[in-house]
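J.: Chains as they are written, first to last, in the working numbering: chain A, 414 to 724; chain B, 2 to 335.
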Amino acid sequence: MGRRKPDDGMAARMAKLNLRINPLMARELRAYMRSARAGAVLTVYISIVSGITLLLYMGVSLANPASGVGNYSQVGSALFYVVVGLLIVLVSFVAPAFTVSAISGERERHTFGLLKTTLLSPRQIVWGKLIPALGYILLLVLATLPLFSLAFLLGGIEPAQFAAALCVILASAALFTTLGLFVSSRASSTLSATVITYSVVVGIVIGLSALAILVFPALAGLGTRAGASGGAPVLTAVFVALISLSPVGALVTSEANFVNTGNLLTLTIGPFPASPAAIVLPAPFLILTACYLAASGALLWLAARAVRNQA
Amino acid sequence: MIETRELTRVFGKKTAVDRLSIQVGAGSIFGVIGPNGAGKTTLIKMLATLLPPTSGDALVGGASIRRHAARVRRLVGYLPDVSGVYPDMTVAEYLTFFAACYGVPASDRAALTGDLLALVDLSHRRNEPIDKLTRGMRQRLGIARALVHDPQVLLLDDATAGLDPRARVELRELLKELRSMNKTIVVTSHILAELEDMCSHIAIMESGRILVAGESSAICARLRPHRIIVVKFFGNVEMAINHARTGPGVVDVRLAPSRSEGMRPAAARREDEAAADALYALKEMQIVFGGDYGDATELLRHLMRAGVQVVSFSEQADSLEKILTGLNGPAQTG
């Protein structure tokens with residue numbers, strides 16, 4: 414058969430395996446690009462965003478026939494927020510779909526055991542599943558860049574706002590893809606992984622924002638009374654924490670703070686009647702980015718552990 | 002090549018493999034036979050480092066499955082009972098992918114894939130999607146995948162399950178060829194007849210324990226001192242039985258209950274219908290046989306030469322239940 418000898422430099426090759434392209438990663442990337450889903454998602458997404466942009470532009474132009482610089486900047490600003498909003502929806506609800514079957518699908522195809530008996534480590538298996546999914550989400554974000562450039566061209570948006578939005582979008586993409594991967598590594602089937610993952614995503618994206626919005630008036634009322642007793646800073650911090658863990662809440666709060674104060678990186682609270690010194694916190698988008706990246710790292714570690722412990 | 006030492010795996014309250022100690026020599030084909038739930042798959046998974054043992058250990062090529070899992074994986078090729086595939090890949094891509102997972106350099110992968118496909122007789126399918134392959138072809142592809150890193154040991158879990166007779170014969174021939182390449186093969190099945198003529202050694206397993214193990218010929222002789230060969234034929238019964246009795250290796254001959262299968266040729270026209278029916282009805286005799294495969298071949302020739310119109314000549318497979326009942330009886334020594 415002309416085969417290699419059993420010990421033909423095998424150990425040396427194994428040592429180098431970590432430095433090479435993870436073969437699972439290459440396979441997954443190829444599978445993404447070959448699938449009809451990848452092209453369909455990209456086409457539908459770009460069509461929707463472009464359509465909305467066109468409608469927005471036409472709407473503003475028709476409403477203000479004698480358009481001036483102010484109107485253009487309104488269009489630019491609206492366009493920016495619409496595209497950012499769509500991107501957040503995309504990373505929240507499409508990104509998990511790319512990883513939710515990553516490990517459970519291998520088990521259902523009976524290929525999980527085959528992968529585990531190769532020389533790929535559990536960490537390599539997990540990264541091999543994560544990076545292609547993240548790469549595809551990044552492709553979707555990059556495909557949106559021309560629309561962002563249009564928003565800049567029309568005015569009304571600062572590069573700092575774009576940077577904050579990008580942090581939230583990328584951190585959300587990292588969290589929601591790793592969440593899908595982690596649940597997939599633990600769930601008994603892809604169906605149950607999908608249900609669990611999307612329940613958590615809805616809880617984070619919609620639930621936390623809704624909770625913050627519902628709690629805010631109560632906090633405000635409490636704050637008035639608590640202000641006298643010195644409890645207002647704590648209550649406000651609770652609100653900021655809640656709002657900072659939701660992509661929508663963190664972005665809206667950060668952008669509003671930047672527009673009102675010109676300060677992107679910090680959020681100043683106070684002074685309160687009982688505590689005259691203002692409290693300076695990191696901007697919500699920074700809190701979200703740090704928390705999401707830390708959670709992503711933890712979920713990745715747990716997913717690798719689950720892969721190692723399963724047969 | 003493989004040595005298990007009190008190897009045990011417990012799932013909850015069930016002991017799937019119970020203090021198992023066996024030795025498999027290099028270059029042998031070791032068949033593990035047992036009913037469903039005997040612990041065969043658990044044993045194979047532990048040897049493939051997919052399942053950690055609850056206690057005990059196993060050495061594969063001197064490497065412990067507990068402490069040197071990575072070393073064991075380099076030595077072992079594993080084919081599970083259901084060999085998974087990626088339906089979006091072609092046959093060649095599938096092998097190339099697993100070669101990459103085992104660290105085979107990119108420059109070697111094309112030649113390696115070609116060699117392996119030739120070995121399992123799938124060269125003509127190399128660019129076809131895997132989901133177009135038959136089950137037998139997938140099984141052969143699975144064996145090729147298990148060989149991509151040129152392992153010294155092959156672990157095949159119920160490799161013949163679900164295969165048609167032709168695919169089973171092809172698989173059997175492939176395993177013999179691999180043995181000639183000095184691979185050590187551990188193969189499981191719940192059918193003794195499937196393994197006995199290709200395994201050099203056999204172990205019978207039940208409830209996580211080995212009931213009996215040893216050289217295949219010795220085990221088979223012990224389990225079945227006499228085989229039953231079923232011969233279906235047309236023609237004179239007495240003449241056939243008398244000739245069979247004088248054949249090599251024959252201990253006894255008995256006529257099976259009459260079958261009313263309509264085998265009478267349409268062209269045949271006789272006045273005496275009863276005599277014609279007797280002549281053209283398909284008969285079956287059971288030969289209690291104590292010879293080897295060479296004797297069996299000679300017996301068939303002997304019958305044909307004597308003018309017995311043999312339609313089929315096959316060995317009756319003993320059920321595993323019957324064998325296990327025999328082993329679990331008072332005469333069992335383990």
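Glycine included, each C-beta is placed from N, C-alpha and C at the ideal position.
Everything numeric in this text was worked out from a predicted model, so none of it was measured.
For residue 451 of chain A, go through chain B and note every residue whose CB falls closer than 9 Å to its CB, in chain order.
T.: Those do not exist, as residue 451 of chain A stays about 12 Å from chain B at its closest Cβ, beyond 9 Å.
J.: What is the residue span of the beta strand (DSSP E) that residue 206 of chain B lies within?
T.: For residue 206 of chain B, the enclosing beta strand (DSSP E) starts and ends at 202-207.
J.: Roughly how many angstroms lie between the CA atoms of residue 45 of chain B and residue 155 of chain B, to the nearest whole one?
T.: 10 Å
J.: Quick check: the region 196-214 of chain B against the region 22-35 of chain B, are there 3 or more CB pairs under 8 Å?
T.: yes
J.: Within the continuous alpha helix (DSSP H) that includes residue 87 of chain B, where are the two ends?
T.: First-last for residue 87 of chain B: undefined, no H or E at that position.
J.: Give the range of the beta strand (DSSP E) segment to which residue 250 of chain B is assigned.
T.: Unbroken run through residue 250 of chain B: none, as it is neither H nor E.
J.: Quick check on DSSP: helix, strand or coil for residue 24 of chain B?
T.: strand
J.: What distance in whole Å lies between the Cβ atoms of residue 594 of chain A and residue 542 of chain A, which are believed to be in contact at a cut-off of 8 Å?
T.: Correct: roughly 6 Å between the Cβ atoms.
J.: Would you grab the beta carbon distance between residue 48 of chain B and residue 77 of chain B for me? Rounded to a whole angstrom, and I think it's under 8 Å.
T.: In this structure residue 48 of chain B is in contact with residue 77 of chain B, their Cβ atoms being roughly 7 Å apart against a cut-off of 8 Å.
J.: Between A/700, A/599 and A/667, which has its C-alpha nearest residue 517 of chain A's C-alpha?
T.: Measuring from the Cα of residue 517 of chain A, the nearest candidate turns out to be A/599.
J.: Tell me the DSSP secondary structure of residue 46 of chain B in three-state form.
T.: helix
J.: Within a Cβ cutoff of 6 Å, which residues of the same chain sit near residue 586 of chain A, ignoring the five residues on either side of it in sequence?
T.: 504, 508 and 550
J.: Leaving out the 5 sequence neighbours to the left and right, which residues in its chain are closer than 7 Å to residue 715 of chain A when beta-carbon positions are compared?
T.: Close CB contacts of residue 715 of chain A within its chain, under the 7 Å cut and outside five residues either way in sequence, are with 595 (chain order).
J.: Between the C-alpha atoms of residue 264 of chain B and residue 233 of chain B, what's the straight-line distance to the nearest angstrom?
T.: Reliability fails at residue 264 of chain B, whose pLDDT of 48 lies under 50, so the model's placement of it is uncertain and no value is given.
J.: Ordered along the chain, which non-local residues of its own chain (more than five positions away) have a Cβ less than 8 Å from that of residue 6 of chain B?
T.: 22, 57, 58, 59 and 60
J.: To the nearest angstrom, how far is it from the Cα of residue 182 of chain B to the Cα of residue 25 of chain B?
T.: 16 Å
J.: Using a Cβ-Cβ cut-off of less than 8 Å, give me the residues of the region 523-541 of chain A that come near chain B, in sequence order.
T.: 523, 524, 525, 526, 527, 528, 529, 530, 531, 532 and 533
J.: What number of angstroms, rounded off, separates the C-alpha of residue 261 of chain B from the C-alpha of residue 284 of chain B?
T.: Note that residue 261 of chain B has pLDDT 45, beneath the 50 cutoff, so the model's placement of it is unreliable and the number below is only indicative. So the alpha carbons of these two residues sit roughly 9 Å apart.
J.: Can you find a C-beta in chain A that's less than 9 Å from the C-beta of residue 298 of chain B?
T.: no
J.: In chain order, what residues of the same chain have a beta carbon less than 7 Å from the beta carbon of residue 37 of chain B, not counting five sequence neighbours either side?
T.: 191
J.: At 9 Å on the CB atoms, spell out the chain A contacts of residue 50 of chain B, in chain order.
T.: 529 and 530
J.: For residue 332 of chain B and residue 206 of chain B, what's the separation of their Cα atoms in angstroms?
T.: Residue confidence for residue 332 of chain B is low, a pLDDT of 38 falling below 50, so the modelled location carries little weight; the figure read from the coordinates is stated next. Their Cα atoms are separated by approximately 17 Å.
J.: For residue 143 of chain B and residue 168 of chain B, which I take to be in contact (beta-carbon distance under 8 Å), what is that distance rounded to the nearest angstrom?
T.: By a beta-carbon distance limit of 8 Å, residue 143 of chain B does not contact residue 168 of chain B. Their separation comes to about 12 Å.
J.: Under the assumption that residue 66 of chain B contacts residue 185 of chain B (Cβ atoms under 8 Å), give the Cβ distance between them as a whole number of angstroms.
T.: The pair is not a contact, with the Cβ atoms about 15 Å apart (cut-off 8 Å).
J.: If you count every other CB in all the chains shown that lies within 10 Å of the CB of residue 158 of chain B, and 16 or more means buried, which is it?
T.: buried
J.: For the region 172-206 of chain B, which segments carrying the beta strand (DSSP E) assignment without a break, of at least 3 residues, lie completely within its bounds, in sequence order?
T.: 185-190
J.: Check distances from the C-beta atoms of the region 66-78 of chain B to those of chain A and list, in chain order, the residues that come in under 8 Å.
T.: 71, 74, 75 and 77
J.: Any beta carbon from chain A within less than 9 Å of residue 29 of chain B's own beta carbon?
T.: no
J.: Taking a Cβ distance cut-off of 9 Å, strictly less, list which residues of the region 436-469 of chain A are near chain B, in chain order.
T.: 436, 437, 439, 440, 443, 444, 447 and 448
J.: With a threshold of 9 Å between beta-carbons, can residue 248 of chain B be considered close to chain A, or not?
T.: no
J.: Could you tell me which chain A residues have their CB closer than 8 Å to the CB of residue 84 of chain B, listed as they occur along the chain?
T.: 523 and 527
J.: To which residues does DSSP link residue 213 of chain B through a beta bridge?
T.: B/205
J.: Alpha carbon to alpha carbon, how far is residue 147 of chain B from residue 287 of chain B? Give it in angstroms, no decimals.
T.: 42 Å
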